[in-house]
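For reference, the structure is listed below as structure tokens.
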Amino acid sequence: MTAFAVTDTTIPADEWLTDNQRALMAEVAAVGAALRGVPVDAVPPAARSSALDAVCDTFGLSDFERSIVIACAATELDGQFADLLAAAHGRPVPTFGLCLAALPDAHWSALLPDAPLRYWHLIDPGTGALTAAPLQIDEWLLHVLTGAFGLDQRLAPLLMRIDDAVSPSASERRAADELSNAWLHPLTPAPVMLRGTAHGAARTIVVDACRRSNWQPYVLNAADLPGSAAEQDTLVRLWQRTAMLRGAALLVECPDSGDVGVRANLDRFVDRLSTPAAVATNFGRLGSRPALTVDAATPNPEEQRELWRSALSDVTNVAALDGALDRVVDQFDMDAKSIAVAAARAVINAQTDHQLPDIGSAIWQACRHTSRGGLDQLAQRLESTATFDDLVLPAAQRALLADILAHVRHRGLVYRDWQMSGPSARGLGVSVLFAGPSGTGKTLAAEVLANALALDLYRIDLSQVVNKYIGETEKNLRRVFDAAAASGAVLLFDEADALFGKRSEVRDSHDRYANVEISYLLQAMESYRGLAVLTTNMRSALDSAFQRRLRFVVTFPFPGPAERAEIWQRAFGPSTPTAGLDTAKLAQLAVAGGNIRSIAVQAAFVAAEAGVPVGMGEVLRAAATEYAKLERPLTDAEIGGWT
164 MTAFAVTDTT IPADEWLTDN QRALMAEVAA VGAALRGVPV DAVPPAARSS ALDAVCDTFG
224 LSDFERSIVI ACAATELDGQ FADLLAAAHG RPVPTFGLCL AALPDAHWSA LLPDAPLRYW
284 HLIDPGTGAL TAAPLQIDEW LLHVLTGAFG LDQRLAPLLM RIDDAVSPSA SERRAADELS
344 NAWLHPLTPA PVMLRGTAHG AARTIVVDAC RRSNWQPYVL NAADLPGSAA EQDTLVRLWQ
404 RTAMLRGAAL LVECPDSGDV GVRANLDRFV DRLSTPAAVA TNFGRLGSRP ALTVDAATPN
464 PEEQRELWRS ALSDVTNVAA LDGALDRVVD QFDMDAKSIA VAAARAVINA QTDHQLPDIG
524 SAIWQACRHT SRGGLDQLAQ RLESTATFDD LVLPAAQRAL LADILAHVRH RGLVYRDWQM
584 SGPSARGLGV SVLFAGPSGT GKTLAAEVLA NALALDLYRI DLSQVVNKYI GETEKNLRRV
644 FDAAAASGAV LLFDEADALF GKRSEVRDSH DRYANVEISY LLQAMESYRG LAVLTTNMRS
704 ALDSAFQRRL RFVVTFPFPG PAERAEIWQR AFGPSTPTAG LDTAKLAQLA VAGGNIRSIA
764 VQAAFVAAEA GVPVGMGEVL RAAATEYAKL ERPLTDAEIG GWT
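Quick note: the numbering used here has the sequence shown finishing at residue 806, numbered continuously throughout.
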């Protein structure tokens with residue numbers, strides 16, 4: 164694969180532009196003389212290569228094709244050229260017929276669809292008879308000939324120049340070396356696959372690889388590729404002429420969206436590419452050609468620490484931050500670009516947000532915001548201020564939750580510093596099962612853990628992830644874990660009964676694949692560097708062999724009268740007006756904490772509408788509504804003595 168630059172960077176730009184303009188107008192004058200039938204000597208070669216020279220060399224134009232380009236450009240550059248054309252053949256525009264008749268070294272093959280002028284869209288032959296149709300120079304080419312080397316406006320909505328001044332890590336530099344060498348090797352099939360979950364790392368790698376050859380890096384989202392073959396063919400030709408002439412490389416970012424149409428468009432696109440390109444994807448292969456693969460994973464932990472130190476060295480005492488940076492690197496898996504963005508954000512927040520006690524806290528919060536990435540599109544982020552004081556649980560369950568916190572907080576200390584990880588990094592994630600009836604506090608407990616860890620909490624509804632088509636559930640889960648890789652967020656996989664309900668006992672092929680899906684989820688949870696929580700209403704549906712793969716299993720019991728009374732005591736806000744509430748009698752309602760919360764909120768609205776404090780009557784009316792939703796009757800034992 165090759166690319167060509169059109170200017171010599173050792174020549175001052177204004178000097179080259181002057182020489183280029185002089186050379187171009189000399190060629191215009193020579194073609195004008197030929198059209199008038201006046202013998203003219205060949206234009207002497209310019210001292211420096213012009214833009215026209217680069218165009219002809221790059222696209223392999225013959226002398227005749229070169230003259231056609233000049234004739235078409237002259238109608239835009241020379242106000243008198245239209246009169247010259249009219250005198251030559253009665254029309255103020257050039258045609259193939261005129262060029263064939265009047266220009267030297269004419270050949271019919273210049274008119275062919277696959278010849279350079281038409282293949283690369285350098286000249287538009289218009290409509291009608293081929294030899295009589297008016298010829299028009301492509302606007303991009305006209306700008307190029309005058310020395311303005313910009314991006315074709317038809318490409319501008321799809322492509323973006325990557326202006327990335329981030330210093331790459333050592334591993335990213337190694338990947339850039341490998342990518343650059345692949346691009347320069349004539350036998351490398353295009354494009355190169357960049358494998359990994361971090362698109363930020365892929366951009367940094369591509370920019371660094373382009374820097375080695377003085378190329379310009381551009382990025383394209385695979386979702387923006389046109390669907391029709393004709394539109395895609397035009398896109399490829401417009402891009403490749405830019406890449407060949409200017410010296411440019413393309414990064415195609417392809418998130419694993421599961422969209423079959425996007426994948427098909429990408430396969431067709433990469434099959435047409437022959438200029439330097441890379442595709443950031445986790446697909447097994449692309450198109451019909453074999454592809455070289457380069458690892459574009461995020462920097463390793465030590466490299467991330469060094470990137471943090473470099474990004475913060477000018478604004479703070481980095482040595483004092485070593486402990487804080489260790490905690491950040493243990494929790495967040497970030498590439499060089501993300502670290503640079505988060506560091507800048509942390510410095511600004513530390514100076515403006517007085518609620519942050521120190522720069523270490525500012526760095527942590529900046530990482531939370533910067534690393535969310537695409538997870539917001541795949542899962543629901545739950546905002547909560549819940550603490551352990553909001554949980555009503557037996558002491559044994561509270562102790563288990565405290566142990567979970569300890570595992571997450573001290574993961575780096577135990578596994579890295581104390582070297583307790585063993586020979587393999589597999590299974591070092593904190594995977595947890597919360598089991599218990601609906602409304603017993605499983606989601607609230609996850610909110611408490613996330614708040615205590617100062618981490619985002621994302622809820623993934625497994626009933627929406629599970630797919631009836633074999634293999635699709637694993638793809639959906641992989642997208643979630645790939646998006647969460649950098650965030651360190653707490654992942655709450657809710658409604659696991661949708662997966663367990665497909666049974667763990669193998670009776671047919673669908674049961675076998677259901678077990679594969681469960682196994683895949685547990686394996687991903689084990690490998691996830693953050694905290695992953697699975698909730699279920701029926702623990703018995705999960706085979707004991709699967710349960711053994713979980714680090715913690717916390718059972719949430721249905722609350723008894725004493726626990727329900729405590730929940731009722733906390734059910735109403737401190738500013739809520741109440742009158743005559745008897746928590747002992749309220750605790751007679753045999754419902755879980757989630758239902759108690761719903762009844763309390765409904766009772767508050769009933770009281771607000773009536774303009775009275777919340778009393779037993781308002782709670783009774785709200786309880787009747789909640790029980791109707793549960794399709795249960797209110798029994799005398801539950802409401803005895805209320806009125």
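The beta-carbon is built from N, C-alpha and C at its ideal position, and this holds for glycine as well. It should be emphasised that the depicted structure is a prediction, and the values quoted were computed from it without experimental measurement.
Anticipated Cβ contact below 8 Å, residue i with residue j, distance rounded
{"i": "Leu-749", "j": "Val-782", "result": "6 Å"}
{"i": "Ala-800", "j": "Gln-751", "result": "7 Å"}
{"i": "Ser-534", "j": "Gly-651", "result": "7 Å"}
{"i": "Gly-778", "j": "Ala-747", "result": "The pair is not a contact, with the Cβ atoms about 15 Å apart (cut-off 8 Å)."}
{"i": "Thr-698", "j": "Phe-656", "result": "7 Å"}
{"i": "Thr-739", "j": "Ala-767", "result": "6 Å"}
{"i": "Gly-536", "j": "Asp-458", "result": "In fact, because the Cβ distance is near 19 Å, the residues do not count as touching under 8 Å."}
{"i": "Ala-333", "j": "Glu-466", "result": "6 Å"}
{"i": "Arg-400", "j": "Tyr-282", "result": "7 Å"}
{"i": "Ile-526", "j": "Val-491", "result": "6 Å"}
{"i": "Phe-432", "j": "Gln-395", "result": "6 Å"}
{"i": "Ala-755", "j": "Phe-721", "result": "6 Å"}
Residue nearest to residue i in terms of C-alpha spacing, selected from the options
{"i": "Pro-297", "options": "Pro-720, Arg-254, Phe-719, Leu-488", "result": "Arg-254"}
{"i": "Ala-659", "options": "Pro-464, Leu-625, Asp-645", "result": "Leu-625"}
{"i": "Arg-641", "options": "Ile-681, Thr-603, Leu-596", "result": "Ile-681"}
{"i": "Asp-706", "options": "Leu-470, Cys-219, Met-497, Leu-685", "result": "Leu-685"}
{"i": "Ala-725", "options": "Ser-738, Pro-557, Arg-784, Ile-300", "result": "Pro-557"}
{"i": "Thr-258", "options": "Cys-235, Gly-242, Asp-277", "result": "Cys-235"}
{"i": "Tyr-691", "options": "Leu-568, Cys-262, Phe-644", "result": "Phe-644"}
{"i": "Ala-196", "options": "Arg-211, Asp-246, Leu-215, Asp-220", "result": "Asp-246"}
{"i": "Leu-275", "options": "Gln-243, Leu-305, Glu-228", "result": "Glu-228"}
{"i": "Cys-219", "options": "Met-407, Leu-793, Ala-770, Ser-476", "result": "Met-407"}
{"i": "Arg-404", "options": "Val-355, Gly-390, Leu-304, Gly-585", "result": "Leu-304"}
{"i": "Ser-330", "options": "Ala-311, Val-593, Gly-363", "result": "Gly-363"}
{"i": "Ala-647", "options": "Gln-299, Val-194, Val-256, Met-688", "result": "Met-688"}
{"i": "Arg-727", "options": "Ala-704, Ala-763, Ala-649", "result": "Ala-763"}
{"i": "Arg-760", "options": "Ala-269, Ala-773, Thr-788", "result": "Thr-788"}
{"i": "Asn-384", "options": "Ala-365, Trp-402, Val-415, Val-355", "result": "Val-415"}
{"i": "Ala-661", "options": "Ala-506, Leu-342, Ala-569, Ala-704", "result": "Ala-704"}
Nearest-angstrom Cα separation, counted from residue j out to residue i
{"i": "Thr-444", "j": "Thr-438", "result": "18 Å"}
{"i": "Arg-336", "j": "Ala-251", "result": "59 Å"}
{"i": "Ile-623", "j": "Arg-733", "result": "28 Å"}
{"i": "Ser-213", "j": "Ile-233", "result": "13 Å"}
{"i": "Pro-288", "j": "Leu-541", "result": "48 Å"}
{"i": "Phe-222", "j": "Leu-357", "result": "29 Å"}
{"i": "Val-571", "j": "Gln-528", "result": "17 Å"}
{"i": "Ala-786", "j": "Gly-599", "result": "22 Å"}
{"i": "Thr-294", "j": "Gln-184", "result": "30 Å"}
{"i": "Leu-388", "j": "Met-323", "result": "14 Å"}
{"i": "Ile-730", "j": "Asn-758", "result": "11 Å"}
{"i": "Thr-367", "j": "Ala-386", "result": "21 Å"}
{"i": "Leu-180", "j": "Pro-349", "result": "33 Å"}
{"i": "Gln-514", "j": "Asp-521", "result": "10 Å"}
{"i": "Asp-277", "j": "Val-653", "result": "56 Å"}
{"i": "Val-423", "j": "Leu-318", "result": "24 Å"}
Which of helix, strand or coil DSSP assigns to residue i
{"i": "Glu-807", "result": "Because the chain is modelled from 164 through 806, residue 807 falls outside the range shown and cannot be assessed."}
{"i": "Ile-325", "result": "coil"}
{"i": "Leu-449", "result": "coil"}
{"i": "Gln-582", "result": "coil"}
{"i": "Met-188", "result": "helix"}
{"i": "Arg-358", "result": "strand"}
{"i": "Gln-543", "result": "strand"}
{"i": "Asp-768", "result": "Correcting the residue type first, residue 768 is Phe in the shown sequence and not Asp. Three-state DSSP puts Phe-768 in a helix."}
{"i": "Asp-287", "result": "strand"}
{"i": "Asp-671", "result": "Note on Asp-671: pLDDT 48, under 50, position unreliable in the model; the coordinate value appears next. Residue state, collapsed to three classes: coil."}
{"i": "Pro-297", "result": "strand"}
{"i": "Thr-479", "result": "coil"}
{"i": "Phe-715", "result": "strand"}
{"i": "Ala-742", "result": "coil"}
{"i": "Val-504", "result": "helix"}
{"i": "Lys-665", "result": "Caution applies to Lys-665, whose pLDDT of 47 falls short of 50 and renders its modelled position unreliable; the model cannot decide the point."}
{"i": "Asp-516", "result": "coil"}
Residues sharing a beta bridge with residue i, DSSP
{"i": "Thr-698", "result": "Phe-597"}
{"i": "Tyr-381", "result": "Arg-324, Leu-413"}
{"i": "Arg-811", "result": "Coverage of the chain is limited to positions 164 through 806, which leaves residue 811 absent and any answer about it impossible."}
{"i": "Ile-623", "result": "Phe-656"}
{"i": "Val-442", "result": "Met-356, Val-415"}
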